[in-house]
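Below is one structure, written out as C-alpha cells, with a few remarks after it.
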Amino acid sequence: MGFVPAEIETYCIDHSTRPGQVAKDLQQHTLASVHGSNMLIGEMEASVLGFLIRLGKVKNILEFGTYTGYSALAMAEHLPQDGSVTTIDLNPETCKIASEFWSRSPHGKKIKQILKPGLEAMKDLPQKFDLIFIDADKNNYSNYLTWGLEHLSENGLIVVDNTLWSGKVLEASGDKQTESIKAHNELAKSLEGYTKTLLPIRDGMFLISKVTG
Ligand SMILES: C[S@@+](CC[C@H](N)C(=O)[O-])C[C@H]1O[C@@H](n2cnc3c(N)ncnc32)[C@H](O)[C@@H]1O
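Using the working numbering, read the sequence shown as starting at 1052 and increasing by one per residue.
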C-alpha cells in the first residue's frame, strides 16, 4: 500500500534520481514473473535510500531481505567503488534471480549474498555497518533492530521498511505480523540517544540514527 496518491508518487518519481537500467529491467522482470512482487521497494523508496547513502557518505550496507535483489542493486549504485552491500535472504530461487541481474551491472560486484535465515546470518557478522536496511520477516523486526543498534557505525543509519504495514499499525489488535511491527515501532520510539523519523513513504520507512556530538 502507498499513502501518497499514485499520480503524486509518479510525479515525485519523475522528478527524482531513478535506478539504472539493470535495476529497471530487474524490477520489470520481477513484476512480470515473480511471485510476491508487491514486496519490491519501488522507485520512490529506492530514490530516498540513494539520497541517504550519498548524504551519509555510506560505504558499507547490510540488508535483511534480498528478494530478487532490486533494493540491493539500487543501493549499490550509490556506493563508491570500494563500497559494499551485504544482503541476507533464505530463498534460493529469488536469490538466483538476484545474482543473474547483478552480474549484468557494473555495481553488482559490490554486492555479497548470504543465503541463510536472518537470525542465523547476523551471528556471523561482527563488523559495524553505515546503513542497515531491514526488510525481511516482520516477526523478527525487533530482533533485527536490537542487533542493528549494536552493529551501527558511529554516524550510521537504520532504515526499517513497511513500518506502517498498510495502515494496520493503527488497529488496536492485529495479526502476528501487525503486532510484531507495532512492537518494533514502540521499541524504536523508546530508544534513548537516537534520533528517529517515521516517514509515510510507500509502506512506511522508519529512520533511526545515533545522536552524536
Ligand atoms: C520484502 S522482501 C525484500 C524485498 C527487497 N528488499 C527489495 O525491495 O527488492 C522480504 C524478503 O525477506 C525474505 N525473508 C523472509 N524470512 C526471512 C528470514 N527469516 N531470514 C531472511 N530473509 C527472510 C523473503 O524470502 C523475502 O525475499
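C-beta: ideal position from N, C-alpha, C; glycine also.
- Counting along the chain, residue 1060 sits inside the alpha helix (DSSP H) bounded by residues 1057 to 1065.
- Under the Cβ criterion (8 Å, minimum of three pairs), the stretch 1175 to 1185 does not count as touching the stretch 1144 to 1157.
- For residue 1180, the CB stays at least 7 Å from every heavy atom of ligand 1.
- Within the same chain, 1119, 1120, 1121, 1124 and 1152 come within 7 Å of residue 1077 by CB-CB distance, once the 5 residues on both sides are set aside.
- Sorting 1083, 1111 and 1070 by C-alpha distance to the C-alpha of residue 1093 places 1070 at the top.
- At the C-beta level, residue 1250 and residue 1258 come within 8 Å of one another.
- Rounded to whole angstroms, residue 1225 and residue 1157 show a C-alpha spacing of 43 Å.
- Per the DSSP secondary-structure output, residue 1164 pairs in a beta bridge with 1138.
- Partner residues in the beta bridge of residue 1111, as assigned by DSSP, are 1135.
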